[in-house]
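Data block below; observations after.
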Amino acid sequence: MRLFDTLEAAERELAGDTKWDRVFQAIALADSLPAGVAYSVGDTLTWRLLTADDADAHAIKRRRYARVLFCKEGSAQIDHAEAGRTHRPYSDLDDREEVKLGSEDEEGVASTTIQPGQLICFAINEASRIRPAAGFSGVLLNVTVEGRSFANK
1 MRLFDTLEAA ERELAGDTKW DRVFQAIALA DSLPAGVAYS VGDTLTWRLL
51 TADDADAHAI KRRRYARVLF CKEGSAQIDH AEAGRTHRPY SDLDDREEVK
101 LGSEDEEGVA STTIQPGQLI CFAINEASRI RPAAGFSGVL LNVTVEGRSF
151 ANK
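FYI, the UniProt record's numbering numbers position 12 of the sequence shown as 12, with every residue one higher than the one before it.
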């Protein structure tokens with residue numbers, strides 16, 4: 001898990017790599033796009049707007065895409081761990097494994113709260129469950145873990 005206190009801090013460290021440049025472009029476009037719709041740039045990036053009503057029932061673990069969350073307004077608590085009990089096995093169709101996390105007191109389970117302007121990134125070996133507070137709005141992005149992308153994408 002990597003937490004950036006500002007979008008500018010994330011850009012300073014990650015910009016210049018096409019997939020991360022697309023992440024920052026998607027976040028910049030977020031205010032002009034309707035909620036409830038998923039967007040994508042080829043196989044490199046998918047994203048959608050989140051609100052307080054979009055809490056995860058279970059932690060999500062992915063293999064081909066890193067989960068990234070940008071907080072626009074309000075706050076969200078994210079429970080995360082490298083391990084967990086499988087609730088739904090991995091499916092190659094949606095690149096998701098649903099994992100049951102224990103409480104924060106359980107070994108290996110941590111909780112992080114993000115505030116407006118912060119960006120949090122999870123690696124493919126980490127499960128994360130997003131629990132938005134009332135008034136939350138943000139952008140959930142799934143960015144490829146592959147090193148290169150096609151020039152036309």
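Positions of the beta carbon are idealized from the N, C-alpha and C atoms, including for glycine.
A quick note: this is a predicted structure, and the numbers were derived from the prediction, not measured.
- Shown here, A55 sits in coil according to DSSP, grouped into three states, outside any helix or strand.
- Annotation for D79: the continuous beta strand (DSSP E) segment containing it runs A76 to A81.
- By the beta-carbon neighbour count (other beta carbons within 10 angstroms, threshold 16), S137 is buried.
- Looking at R131, S75 and D92, the one whose alpha-carbon comes closest to that of R63 is D92.
- Distance from the CA atom of T44 to the CA atom of Q25, rounded to whole angstroms, is 13 Å.
- Put simply, of A38, A35, T46 and R85 the residue whose alpha carbon is nearest the alpha carbon of W20 is T46.
- Annotation for A127: A59, I60, K61, H80, A81, G84, V99 and L101 place their beta carbon closer than 7 Å to its own, counting only its chain and skipping 5 residues before and after.
- Annotation: F70 to L50 spans about 10 Å, alpha carbon to alpha carbon.
- Under DSSP, T113 takes part in a beta bridge, and its partners are Q77.
- For the pair A57 and R129, the Cα-to-Cα distance works out to about 7 Å.
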